[in-house]
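Participant:
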């Protein structure tokens, strides 16, 4: 193997590890303030420490992880102000996506959304928070796929790697607030009503986010 091929494979491995860690943040497998060890991650992923360290440093630059020292790497815990800013951005961007999805969704797209809701309902009934978290994230990004807005989706991805751990921390306490408005989103899309779809997803973010908001308020209380 020549040097160029080694570099290409090394870069590709780094991208794969970055994507896996980002997905873990988005899907709630990592919680706020959780400590990460590069060597443990490398062993778990079956790779050397170098691409893992590179991926971790990228996530520190992204604002999803913090590294007070080389031996202290943690999942970032958002402040109340940061949470409110991310929520405000999501309200606008995900509202745009839901409205566009209402105009572009095919019958197959709608069936996919309905299947996600059915599986999420099962997860809720089984008190399976992890599956519910993954389905919640999948639902929101399925709307992105349907809306055919890849640049906006990339922006949302950067927000979700920051907000995912907080959603996971709060999800079980949210109960039906985390799923109920998804039904209204799907109904609005079936009716091809972009304004209703926009309002439904924004209401979902506010309703489901109430637990996160209270958690952040409690953390700042004396």
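Residue numbers (full-length UniProt numbering): 1 to 222.
Here a beta-carbon is modelled for each residue, glycine too, at the ideal position from N, C-alpha and C.
(1) The ligand COA and residue 157: does the residue's C-beta get closer than 6 Å to at least one heavy atom of that ligand?
(2) Are the CB atoms of residue 32 and residue 69 nearer to each other than 7 Å?
(3) Where does residue 164 land, buried or exposed, given buried means 16+ other C-beta within 10 angstroms?
(4) Please look up how many angstroms separate the CB atoms of residue 186 and residue 114, rounded, as I've assumed it's under 8 Å.
(5) Give the straight-line distance between the Cα atoms of residue 217 and residue 80, rounded to the nearest whole angstrom.
(6) Can you list, in chain order, the residues of its chain whose CB lies under 7 Å from that of residue 51, leaving out five sequence neighbours each side?
(7) Select from 195, 111, 62 the residue whose C-alpha is nearest the C-alpha of residue 155.
(8) From residue 58 to residue 207, what distance separates their C-alpha atoms?
(9) Using 8 Å as the Cβ pair cut-off and three pairs as the minimum, do the segment 146-153 and the segment 104-112 touch?
(10) Could you check what DSSP says for residue 66 in three-state terms: helix, strand or coil?
(11) Using only alpha-carbon positions, find the residue among 198, 210, 220 that is nearest to residue 93.
(12) If we call anything under 7 Å between Cβ atoms a contact, is residue 27 one with residue 195?
(13) Output needed for residue 90: all residues of its chain with C-beta closer than 7 Å, excluding positions within five of it in sequence on either side, in chain order.
(14) Cα-Cα, which of 188, 221, 180 is closest to residue 117?
(15) Span of the alpha helix (DSSP H) holding residue 204?
Facilitator: Answer, in terms of the structure:
(1) Here there are no bound small molecules, and the ligand COA is not part of this structure.
(2) By one-based count along the chain shown, residue 32 stands at place 32. By one-based count along the chain shown, residue 69 stands at place 69. No. Outside cutoff.
(3) The residue labelled residue 164 in the question sits at position 164 within the chain shown. When all chains shown are included, residue 164 counts as buried.
(4) Position 186 of the chain shown, counted from the first residue, corresponds to residue 186. Position 114 of the chain shown, counted from the first residue, corresponds to residue 114. Sure, about 6 Å apart at Cβ, within 8 Å.
(5) Position 217 of the chain shown holds residue 217. Position 80 of the chain shown holds residue 80. Cα to Cα, the separation comes out at about 7 Å.
(6) One-based indexing of the chain shown puts residue 51 at position 51. The residues are 10, 13, 14, 17.
(7) Position 155 of the chain shown, counted from the start, is the residue given in the question as residue 155. With distances taken between Cα atoms, residue 155 lies closest to 62.
(8) Numbered from 1 along the chain shown, position 58 holds the residue referred to as residue 58. Numbered from 1 along the chain shown, position 207 holds the residue referred to as residue 207. Distance from the CA of residue 58 to the CA of residue 207, rounded to the nearest whole angstrom, comes to 32 Å.
(9) The segment 146-153 vs the segment 104-112: in contact.
(10) Residue numbering aside, residue 66 sits at position 66 when the chain shown is read from its first letter. Residue state, collapsed to three classes: strand.
(11) As a first step, residue 93 must be located in the chain shown, where it is residue number 93. Nearest to residue 93 by C-alpha distance, out of 198, 210, 220, is 198.
(12) Counting from one through the chain shown, the residue named residue 27 turns up at place 27. Counting from one through the chain shown, the residue named residue 195 turns up at place 195. Contact: no.
(13) The residue given as residue 90 occupies position 90 in the chain shown. Excluding residues within five positions, the ones whose Cβ falls inside 7 Å are 159, 205.
(14) Here residue 117 refers to the residue found at position 117 when the chain shown is read from its first residue. Looking only at 188, 221, 180, the smallest Cα-Cα distance to residue 117 is reached by 180.
(15) For this step, residue 204 is matched to residue 204 along the chain shown. Under the DSSP assignment, residue 204 falls in the alpha helix (DSSP H) whose first and last residues are 194-220.
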